[in-house]
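Engineer: In terms of this note's numbering, the sequence shown has 162 at position 150, counting the first letter as 1, and numbering is strictly consecutive. Once you've had a glance at the structure underneath, I'll fire off some questions.
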Amino acid sequence: MPENRLDEIDRHPRTLRPRSAALVICDLQEAFRPVTIDFDAIATRIATLVQGLKLLDVPVLVTEQYPQRLGRTVSSVLHELGPDVMVLDKTAFSCCGASTFTEQLEKSHAWQILLCGLEAHVCVNQTAHDLIVRGHQVHLLLDCITSRTEQNRQIGVEKMRLAGIIPSSVEMALFELMRDAKHEQFKAIQELIK
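Given below as structure tokens:
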């Protein structure tokens, strides 16, 4: 009898699967650094998440809201993404409002979307709703979203919960994707999140 039966049984449909998942980093841009709550901590957590997802071969999509005015994605995250990741410009608040985003998402074949970035009550909120209506399962990384005020963050999260998002976090997502301490990347990912 196999030691680990997780590959033999169906898992709950709300748990992440590496071949079904993709990360969307929504508008983590320099212009928001001085005006949003916990920006630096969130950028650090997202950079850590990107490192872990690279080890697990989970695709990452990145958007920038009107970068000519709001600047680029924070350098620490861009560094972890590497030169091959396409950063997608947009003017619509929802990432789904950019045809380049929806095209890249379709190419990824992901139906489980890890969603993070800012602002929680604007671009993240509208993206979550639009992804859900398109049939995606949205795992909202609550430790990787922010807004300019805590009230707006809370209202955004509540509205997304009512729409059907699945609350998650960096650690929760990485451990769900690995499933087992015997995963070949377990030790490397454990080091990342210590």
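Note that the Cβ used here is the ideal one computed from N, Cα and C, for glycine as well. These numbers come from a predicted model, not from an experiment.
Between Arg2 and His133, which are expected to be in contact by the criterion C-beta below 8 angstroms, what is the C-beta distance as a whole number of angstroms?
Structural biologist: Beyond the ends of the chain as shown, which are 13 and 206, falls residue 2; an answer cannot be given.
Engineer: Would you mind sorting Ser111 into buried or exposed? The rule is 16 or more other CB atoms within 10 Å of its CB.
Structural biologist: exposed
Engineer: Can you say whether Val86 is buried or exposed, counting buried as having 16 or more other CB atoms within 10 angstroms of its CB?
Structural biologist: buried
Engineer: Would you identify the three-state DSSP class for Ser181, choosing helix, strand or coil?
Structural biologist: coil
Engineer: Rounded to a whole number of angstroms, what is the C-alpha to C-alpha distance between Asp96 and Lys171?
Structural biologist: 34 angstroms
Engineer: Among Arg84, Leu73, Gly109, whose alpha-carbon lies nearest the alpha-carbon of Gln124?
Structural biologist: Leu73
Engineer: Alpha carbon to alpha carbon, what distance is there between Gly83 and Gly109?
Structural biologist: 19 angstroms
Engineer: Checking the sheet assignment: what are the DSSP bridge partners for Gly129?
Structural biologist: Cys38, Ile157
Engineer: Are Ile54 and Cys156 closer than 8 angstroms when you measure CB to CB?
Structural biologist: yes
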